[in-house]
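A.B. asks:
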Amino acid sequence: MLQTGDTNQWDLTTLLNVLRETKPKRQLNKVDKQRITKENNDLLTITNIRNNNAHHASKCVSDTEFETIWSQLSSILISFEDDADEIAELKLNTSDAKQKEPINTVNTIEAKRLKDLGNEAYKQKHFDEAIKWFSQALVLAGLSDYDRSILYSNRAAAYLEKHETSEVTSSMDSRYLALQDAEHARDLRQTWPKAHFRIGQAHVALGEYEKAVHSFDKALALDPTNSEMRNFRDSALERKHYYDRKDHLNRQNMPRTTREQLNDLSKISGYTIQQCEKVIDFIRKDDPGKDAVFTGHQYRDGDDNVKQNYELAARFYSKAAALGNAEGMYNLALLHQQGLGVKKDIQATIELLEQAAAQSPTMSDKLPIPNVGVAEAEHSLGLHYETGVGVEMNYYKAAQWYQRASDHGSATAANNLGLMYGAGKSIARDLVKSEQLLRLAVTRGDQNAAMNLALLFSEKQDFQAAEQWCRFA
28 MLQTGDTNQW DLTTLLNVLR ETKPKRQLNK VDKQRITKEN NDLLTITNIR NNNAHHASKC
88 VSDTEFETIW SQLSSILISF EDDADEIAEL KLNTSDAKQK EPINTVNTIE AKRLKDLGNE
148 AYKQKHFDEA IKWFSQALVL AGLSDYDRSI LYSNRAAAYL EKHETSEVTS SMDSRYLALQ
208 DAEHARDLRQ TWPKAHFRIG QAHVALGEYE KAVHSFDKAL ALDPTNSEMR NFRDSALERK
268 HYYDRKDHLN RQNMPRTTRE QLNDLSKISG YTIQQCEKVI DFIRKDDPGK DAVFTGHQYR
328 DGDDNVKQNY ELAARFYSKA AALGNAEGMY NLALLHQQGL GVKKDIQATI ELLEQAAAQS
388 PTMSDKLPIP NVGVAEAEHS LGLHYETGVG VEMNYYKAAQ WYQRASDHGS ATAANNLGLM
448 YGAGKSIARD LVKSEQLLRL AVTRGDQNAA MNLALLFSEK QDFQAAEQWC RFA
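Its first residue numbered 28, the sequence shown is counted upward by one per residue in my numbering.
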């Protein structure tokens with residue numbers, strides 16, 4: 028068969044082996060060697076996929092397995108310069124979905140023209156105009172499900188860019204319209220990852236984080252290597268847990284201007300606002316890292332004669348981080364977590380938190396003042412490991428980070444570690460230890476710890492103590 032030279036007669040394994048064993052006639056430079064090595068590895072991957080499926084015990088694969096295999100193969104074919112759109116069209120044509128109406132070639136060409144106009148308007152941030160072009164294309168008859176699903180997805184993206192934040196009171200709210208369009212796209216192509224991704228984005232815009240996580244998980248099941256989708260999923264999961272913990276009700280987490288925070292500092296310390304300002308000015312002059320952090324706070328929160336600007340806040344936090352300042356690292360991590368002024372990037376968040384947590388917990392050996400940002404970062408890492416946001420869920424590591432943060436003075440970490448002991452999460456259940464930690468959290472000012480103590484005493488059937496802590500909360 029090989030001697031015929033007719034590749035059409037060769038099976039896939041034979042063809043791929045021949046390609047991999049072909050030797051170059053000339054000496055290759057380093058770049059070409061790396062390229063050929065990658066191509067040979069890709070060919071080996073195709074061979075393995077073929078062999079695994081040819082000898083599959085059940086002779087069929089699940090939808091999730093199919094999507095994983097398709098994702099691997101399409102990535103390789105595109106790297107070999109196959110056309111991505113043709114591959115996507117091939118996938119659509121091999122699905123069980125049947126086109127409900129005949130394709131109208133003229134309308135298909137017109138829809139593409141309108142879609143291109145919409146895409147260009149979207150790039151220019153003219154979102155209402157983009158919506159207009161996509162809408163004109165969608166009313167055309169005789170479009171394929173493939174083309175129509177893209178139009179719905181693109182229009183959903185444009186609706187989401189309107190960034191409405193008020194309570195949804197109308198079915199014409201852009202966030203609700205985005206969700207409808209995303210669901211239409213999914214109904215037309217149920218195995219298209221981006222359709223599920225768009226649904227997740229719409230749920231995030233509506234503040235429905237649990238539903239968002241569910242949709243992002245579906246998208247990731249269909250496209251497991253997509254880092255953007257994983258990033259959005261982790262961000263939605265973080266917000267879900269944030270609201271589940273009622274952190275949004277904690278006064279410390281509520282937006283306050285720098286001036287309001289200075290007023291609080293004055294009340295707590297007993298110093299006048301002017302005295303507090305003098306101390307801050309002294310620290311600014313003595314420590315460039317702290318100076319950058321304080322400036323970052325002003326831009327993050329807004330101040331007298333300073334307009335809130337997250338991009339500038341991120342720039343100053345980054346400057347502080349470069350100078351080794353833990354508080355700068357921690358606050359820059361939070362901006363990356365929310366995508367405020369910088370790209371939303373959970374992995375960057377984790378890396379910055381780890382850098383901050385690696386700093387000394389005190390300003391110096393001679394000055395045992397807490398190094399702001401260290402305990403906060405340790406507590407945040409505990410949250411990430413407990414919830415599985417950006418890292419693999421690991422209760423043991425979560426408990427370790429909470430313990431470190433608690434040792435360094437964190438009230439919230441003491442509360443969370445107390446809850447872990449109470450529930451027996453990866454550590455032996457110990458209600459005595461749980462009570463001790465929750466009491467410690469209360470003395471440090473954690474607002475949730477008192478109610479958690481009330482629940483703990485209720486479980487112990489000490490209802491008198493439970494009532495006392497409930498009143499305290």
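Heads up, the beta-carbon is just placed ideally off N, CA and C, and yes, glycines get one too.
Express the C-alpha separation of S171 and T135 in angstroms, rounding to a whole number.
C.D. replies: If you take the alpha carbons of T135 and S171, they lie about 8 Å apart.
A.B. asks: Within 10 angstroms of the Cβ of N358, are there 16 or more other Cβ atoms? Answer buried if so, exposed if not.
C.D. replies: The residue in question, N358, is buried, as its Cβ has 16 or more Cβ neighbours within 10 Å.
A.B. asks: D489 by DSSP, collapsed to three states: which one?
C.D. replies: In the structure shown, D489 sits in coil (DSSP, three-state: anything other than H, G, I, E or B).
A.B. asks: Give the range of the alpha helix (DSSP H) segment to which G323 is assigned.
C.D. replies: Here the alpha helix (DSSP H) through G323 covers 315–328.
A.B. asks: Helix, strand or coil for T74? Go by DSSP, reduced to three states.
C.D. replies: In the structure shown, T74 sits in a helix (DSSP, three-state: H, G or I).
A.B. asks: For the alpha helix (DSSP H) that L15 lies in, which residues bound it at each end?
C.D. replies: Past the edges of the chain, shown from 28 to 500, lies residue 15, and the structure says nothing about it.
A.B. asks: If you compare alpha carbons, which of F309, N290, G451 is closest to I300?
C.D. replies: Checking every option, the nearest Cα to that of I300 belongs to N290.
A.B. asks: Report the CB separation of A425 from V401 in whole angstroms; it is logged as a contact under 8 Å.
C.D. replies: Not quite, the Cβ-Cβ distance comes to about 17 Å (not below 8 Å), so this is no contact.
A.B. asks: Under a Cβ-count criterion, where at least 16 other Cβ atoms within 10 Å of its own Cβ denotes burial, should H211 be classed as buried or exposed?
C.D. replies: Buried, by the Cβ-count rule.
A.B. asks: Short of 6 Å in beta carbon distance, which residues of its chain neighbour C497, apart from the five on each side in sequence? Order them along the chain.
C.D. replies: A481.
A.B. asks: Note down the Cα distance separating I377 from K50, rounded to an integer number of angstroms.
C.D. replies: Approximately 45 Å, taken between the alpha carbons.
A.B. asks: Would T218 and L249 be called neighbours here (beta carbons separated by less than 8 Å)?
C.D. replies: Result yes, Cβ atoms of T218 and L249 sit closer than 8 Å.
A.B. asks: Have a look at the DSSP bridge pairing and note the partners of T389.
C.D. replies: Note: T389 sits in a beta bridge opposite P397.
A.B. asks: For A440 and E354, I'd like the C-alpha separation in whole angstroms.
C.D. replies: Going from the Cα of A440 to the Cα of E354 covers about 17 Å.
A.B. asks: Buried or exposed for N352, please, with buried defined as at least 16 other CB atoms from any protein chain shown within 10 angstroms of its CB.
C.D. replies: With 16 or more other Cβ atoms within 10 Å, it is buried.
A.B. asks: Using 8 Å as the threshold, is the segment 391–398 in touch with the segment 310–320, meaning 3 or more CB pairs across them?
C.D. replies: Taking 8 Å as the limit for Cβ pairs, the verdict is that the segment 310–320 does not touch the segment 391–398.
A.B. asks: Rounding to the nearest angstrom, what Cα-Cα distance links Q491 and S485 in this structure?
C.D. replies: Cα to Cα, Q491 sits roughly 9 Å from S485.
A.B. asks: Put V369 into one of helix, strand or coil per three-state DSSP.
C.D. replies: If DSSP states are grouped into helix, strand and coil, V369 belongs with coil.
A.B. asks: Would you mind sorting I105 into buried or exposed? The rule is 16 or more other CB atoms within 10 Å of its CB.
C.D. replies: So I105 counts as exposed.
A.B. asks: Quick check: A138 and D174, are their CB atoms within less than 8 Å of each other?
C.D. replies: Yes, the pair counts as a contact, with Cβ atoms nearer than the cut-off.
A.B. asks: Among all the DSSP beta bridges, which residues are the ones paired with V333?
C.D. replies: For V333, which the question treats as bridged, DSSP gives the partners D330.
A.B. asks: In the DSSP assignment, find the alpha helix (DSSP H) that holds L55 and state where it starts and stops.
C.D. replies: Here L55 belongs to no alpha helix (DSSP H), and DSSP marks it neither H nor E.
A.B. asks: Using the Cα positions of K150 and R182, report the straight-line distance between them to the nearest angstrom.
C.D. replies: Using only the alpha carbons, I get a separation of about 13 Å.
A.B. asks: Please report the straight-line C-alpha distance between F243 and I130, rounded to a whole angstrom.
C.D. replies: Cα to Cα, the separation comes out at about 32 Å.
A.B. asks: Report all residues from its chain with a CB closer than 7 Å to the CB of R431; omit the five preceding and five following residues, and keep chain order.
C.D. replies: E405.
A.B. asks: Does the segment 221–236 touch the segment 339–348, meaning 3 or more C-beta pairs lie closer than 8 Å?
C.D. replies: Contact between the segment 339–348 and the segment 221–236 is absent, because fewer than three Cβ pairs lie under 8 Å.
A.B. asks: Hey, how far is the Cα of V399 from the Cα of S296?
C.D. replies: Those two C-alpha atoms are separated by around 17 Å.
A.B. asks: Can you tell me which of L410, W97, D112, M356 puts its alpha carbon nearest to the alpha carbon of Q386?
C.D. replies: Looking at the Cα atoms, M356 is the closest of the given residues.
A.B. asks: With 16 other CB atoms within 10 Å as the buried threshold, where does E113 fall?
C.D. replies: Exposed is the call here.
A.B. asks: Let's test the definition: count the other Cβ atoms within 10 Å of the Cβ of D434 and tell me whether it reaches 16, buried, or not, exposed.
C.D. replies: Its Cβ having fewer than 16 others within 10 Å, D434 is exposed.
A.B. asks: Work out the CA separation of E48 and Q54 for me, nearest whole Å.
C.D. replies: Cα-Cα distance, rounded: 16 Å.
A.B. asks: Going by other Cβ atoms of all chains shown within 10 Å of its Cβ, with 16 needed for buried, is E494 buried or exposed?
C.D. replies: Its Cβ having fewer than 16 others within 10 Å, E494 is exposed.
A.B. asks: Please report the straight-line C-alpha distance between M478 and S197, rounded to a whole angstrom.
C.D. replies: Rounded to the nearest angstrom, the two C-alpha atoms are 37 Å apart.
A.B. asks: Give me the Cα-Cα distance between D123 and R225, rounded to the nearest whole angstrom.
C.D. replies: Its pLDDT being 46, under 50, D123 is placed unreliably in this model, and the coordinates cannot settle the point.
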